[in-house]
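These protein sequence lines are chains R and P, in that order.
Counting in our numbering, the first sequence runs from 1 upward without gaps.
Counting in our numbering, the second sequence runs from 379 upward without gaps.
This report concerns only the one structure given below.
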Amino acid sequence: MTVQELPGAGASHRVTPPPAWRPRTEAAPLLPDPEPYRVLGTAAAEHLDPALMRRYYAELVRGRRYNAQATALTRQGRLAVYPSTVGQEAAEIAAALVLEEQDWLFPSYRDTLAAVARGLDPVQALTLLRGDWHTGYDPREHRIAPLCTPLATQLPHAVGVAHAARLRGDEVVALAMVGDGGTSEGDFHEALNFAAVWQAPVVFLVQNNGFAISVPLAKQTAAPTLAHKAVGYGMPGRLVDGNDVAALHEVLTEAVQRARAGGGPTLIEAVTYRMEAHTNADDATRYRTDSEVEAWKAHDPVELLERELTGRGWLDETAVREARDAAEAMAADLRERMNAEPVLNPMDLFAHVYAEQTGRLREQAAMLRAELEAEDDA
Amino acid sequence: MTTVAQQAVKPATMAQALTRAMRDAMAEDPTVHVMGEDVGTLGGVFRITDGLAKEFGEDRVTDTPLAEAGILGTAVGMAMYGLRPVVEMQFDAFAYPAFEQLISHVAKMRNRTRGAMPLPITIRVPYGGGIGGVEHHCDSSEAYYTATPGLTVVTPATVEDAYGLLRASIASDDPVVFLEPKRLYWSKAQWSPDAPVAVPGIGEALVRRTGTSATLITYGPSLPVCLEAAEAAREEGWDLEVVDLRSLVPFDEETVVASVRRTGRAVVVHEAGGFGGPGAEIAARVTERCFHHLEAPVLRVTGFDIPYPPPMLEKYHLPGVERILDAVARLQWEN
């Protein structure tokens, strides 16, 4: 055989075309909005429900105060760490408020405020960050998964809960929260892929707050937007102004309703900004400028809503004062209860490792008990 | 022999026992779900889930996308919602992408939630060598699992245990890493497919052969090798006791200690590498508790501390009868 006769050497041997192939879905309906979707400050705002928006306003004021109080508790050494969501309150609160009682919320470590907005006792929500136990509440009772420290690993859990609920015929939606950095993790990909293949009733909410600790979005992804990533999985992607609580409410509600109706998952990117450092251990001045922070201050989620509602005459001074008083009362209560020393039982170390303690753990528990008794006697 | 008798007791393989365990568990408990790559239509690459999809439907026997973190991660969510997922990892080394889910969530969820949310997940991992598999298909990864608090780790070596331990694992309220010695998949036992199988549960070791000269402590794929070595040792005049651990976590220290105190000598045998392997822990515990009964140091016969070798070389790596007998010989010194 000469070289010229080898299969593939020339085109002449290829007599049949390859089997027909075409994409299963048109990409166009999956593509996100070209600009972050906005309602506040646009003509669409006139159709808003004033009562709902007043409720959101009160929640935003409370959320801002919660962030301030938690940050203060960190400075006092009452919390080991607090990843602030100042500037992101709109997304935190909308995520909690669009869910029904039977739905599940899957927060990341930064989303304490979302858990509180869903009704969790603020002290229970802060247990992880105070350091007395990892999760201070029963996740099944509140349908709030433990605050998740590893990035994006809670997303497949959300898919699993949603999938299991659907298998059981329950109308449950899972809403999973993740940051822009978390979208680079493998679990983000696997969760979105499973959700789309299974058509699981899940809403993925990415809060793009600009930085993964210090790494800006441009170094995180080359995608046009994070919402574009939805296209590859075959689910709709939405891009929304993450500081516009009215827009968030609309986009999230629509995604939750589609999921509940069997329409499958949605990926939502909320474009927002983290006004404070990653945590109290971080120095944000090393990676961003004051002018950038100042520019975002002019787009503050609380002020955006306040301006809109006041301008339309939907919010009076009394309502503003009431919201601030309620927030202040929450903060005072939180401060008082967080200042009490938590009661810890060291024997809990061995209580929840296995349903039945292993011999090894019984031995180690006995050792600790003896040490504690010796301490008491001394 | 009558036809009926032939039906009642016939050779069954470990693979068949595992399949029956899942079938029986699924029939009894509608919350049991089987999931993994290829477990549905194909019945698994080893056919361990053969027929389950046909019997129970795709909702309960699910071919997942090819993504181990996703398989285990979604199983976590399903267990959070009250199901009992039985997850297949296909091959030992394929489970590694799922390790973050395993270690950060599966093993810890009970602990993180103060017991409010235990995760009853069974993770089936075909493991170990001796089947001529190429790279990444023959790892003995048990030390990774046993080093992780919160995981139960079991490994059957017999057809009965394959059934009994898998049923116990699926019934457990804790996550169980169920290590299947894949080279024993086609090992057979006279076994009645309909008769109840009663074997000791998780956490109990069994003395598979009694003896007086020394104790071989082993599990999973090395059990038949140790039993063969014990037979061969008779020619040397040694009467070896063989303990099958069955469960690495919890570890049945009492059975092991009682045996070594009787024989005064011990060799731990496993395929996994020796450094930091389960044998290191067992040897340390035996030494702590049997020091005054020991006539010789506790020895280990393990795989070498090397990446699993290519199939044409694996016979040099895997602990065999000769290496076990050499170790037993080294135990026999006087003073």
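From the three backbone atoms N, C-alpha and C, an ideal C-beta is built for every residue, glycine too.
Since the structure is predicted, the reported quantities are computational estimates derived from the model, not experimental observations.
Start-to-end residues for the alpha helix (DSSP H) that takes in Y522/P: Looking at the DSSP string, the run of the alpha helix (DSSP H) that includes Y522/P is 520 to 524.
For P475/P, the nearest candidate out of T253/R, G87/R, E185/R, D132/R (CA to CA): The candidate whose alpha carbon is nearest that of P475/P is E185/R.
Inter-residue Cα distance where the pair is L623/P and Y597/P: Between L623/P and Y597/P, the C-alpha separation is close to 5 Å.
Near-chain P residues of the segment 329 to 363 of chain R - C-beta to any C-beta below 8 Å: Going along the segment 329 to 363 of chain R in chain order, one finds D348, A351, H352, V353, Y354, A355, T358, G359, R360 with a Cβ nearer than 8 Å to chain P.
6 Å Cβ shell around Q191/R - same chain, five flanking residues per side excluded: The question names Gln, yet the displayed sequence has Ala at residue 191/R. Beyond the five residues adjoining it in sequence on each side, A191/R comes within less than 6 Å, by CB distance, of L155, P156, V159 in the same chain, given in chain order.
Three-pair Cβ contact test at 8 Å for the segment 161 to 175 of chain R versus the segment 89 to 100 of chain R: Yes, the segment 161 to 175 of chain R is in contact with the segment 89 to 100 of chain R.
Residues that Q394/P contacts on chain R, provided the C-beta gap is smaller than 7 Å: None at all; the shortest Cβ gap to chain R is about 28 Å.
Option in A44/R, P122/R, P17/R, L40/R with minimal Cα separation from Y137/R: With distances taken between Cα atoms, Y137/R lies closest to P122/R.
Test item: CB-CB of V202/R and A145/R under 7 Å: Contact: no.
Own chain residues within Cβ distance below 7 Å of R324/R, not counting five before or after: Closer than 7 Å at the Cβ level, and outside the excluded window around R324/R, lie V61.
Where P29/R falls: helix, strand or coil (DSSP): Here P29/R sits in helix by DSSP.
CA-to-CA distance, G511/P to P527/P, given in whole angstroms: Going by the C-alpha atoms only, they are around 30 Å apart.
Separation of F194/R from V245/R, as counted between CA atoms: So the two alpha carbons sit approximately 29 Å from each other.
For D348/R, the first and last residue of its enclosing alpha helix (DSSP H): Looking at the DSSP string, the run of the alpha helix (DSSP H) that includes D348/R is 348 to 351.
Sub-7 Å separation of W564/P and V537/P beta-carbons: Cβ distance not < 7 Å, so W564/P and V537/P don't count as in contact.
CA-to-CA distance, I481/P to L497/P, given in whole angstroms: So the alpha carbons of these two residues sit roughly 13 Å apart.
Residue(s) in a DSSP beta bridge with C148/R: Partner(s): S108/R.
Stretch-stretch touch, CB-based, cutoff 8 Å, three pairs: the segment 601 to 616 of chain P with the segment 576 to 585 of chain P: The segment 601 to 616 of chain P and the segment 576 to 585 of chain P do not touch, with fewer than 3 CB-CB distances between them shorter than 8 Å.
Outcome for A374/R when other beta-carbon atoms lying within 10 angstroms are tallied against a minimum of 16: For A374/R, the number of other beta carbons within 10 angstroms of its own is below 16, and it is reported as exposed.
Pairwise C-alpha distance: P689/P and L562/P: Near 17 Å, if we compare the C-alpha coordinates of P689/P and L562/P.
Proximity of R38/R and D241/R at Cβ, strictly below 7 Å: In terms of Cβ geometry, R38/R and D241/R form a close pair [threshold 7 Å].
Contacts of A403/P in chain R (Cβ-Cβ under 8 Å): Those within 8 Å of A403/P in chain R number zero; the least Cβ separation is about 17 Å.
Exposure of N345/R, with buried meaning 16 or more beta-carbon neighbours within 10 Å: Counting every other CB atom within 10 Å of its CB across the protein chains shown gives N345/R a total below 16, marking it as exposed.
Chain-ordered residues of the segment 441 to 463 of chain P with a beta carbon less than 9 Å from chain R: Answer set for the segment 441 to 463 of chain P: T442, P443, A445, E446, A447, G448, I449, L450, G451, T452, A453, V454, G455, M456, A457, M458, Y459, G460, L461, P463.
Inter-residue spacing [alpha-carbon to alpha-carbon] between N208/R and G87/R: So the alpha carbons of these two residues sit roughly 12 Å apart.
Residue-chain proximity (A165/R, chain P), Cβ-Cβ < 7 Å: The beta carbon of A165/R falls within 7 Å of a beta carbon belonging to chain P, placing the residue at that interface.
Cα-Cα separation between A431/P and P23/R, rounded to whole angstroms: Cα to Cα, the separation comes out at about 29 Å.
Beta-carbon contacts of A70/R that lie in its chain and below 6 Å, excluding the five residues immediately before and after: So the list reads Y82, once near-sequence residues are dropped.
Listed by chain order, chain R residues near E631/P by CB distance under 7 Å: Going along chain R in sequence order, the residues near E631/P (Cβ under 7 Å) are G359.
Pairwise C-alpha distance: Q710/P and A662/P: In a straight line, the C-alpha of A662/P is about 20 Å away from that of Q710/P.
Cβ contact (3+ pairs, closer than 8 Å) linking the segment 287 to 304 of chain R and the segment 217 to 226 of chain R: Between the segment 287 to 304 of chain R and the segment 217 to 226 of chain R, the count of Cβ pairs shorter than 8 Å is below three; the stretches do not touch.
With 16 other Cβ atoms within 10 Å as the buried cut-off, status of H352/R: Around the Cβ of H352/R, a 10 Å sphere holds 16 or more other Cβ atoms; the residue is buried.
Segment contact, 8 Å Cβ cut-off, at least three pairs: the segment 89 to 98 of chain R with the segment 109 to 121 of chain R: Taking a cut-off of 8 Å on C-beta distances, the segment 89 to 98 of chain R touches the segment 109 to 121 of chain R, as three or more cross pairs fall below it.
Classification of R545/P by the beta-carbon crowding that lies within 10 angstroms, buried from 16 upward: The residue is buried, with at least 16 neighbouring Cβ atoms inside 10 Å.
Terminal residues of the alpha helix (DSSP H) in which Y505/P lies: Going by DSSP, Y505/P is part of no alpha helix (DSSP H) but of the beta strand (DSSP E) stretching over 500 to 505.
Alpha-carbon spacing of G715/P relative to A164/R, whole angstroms: Shown here, chain P extends from 379 to 713; a query on residue 715/P therefore has no answer.
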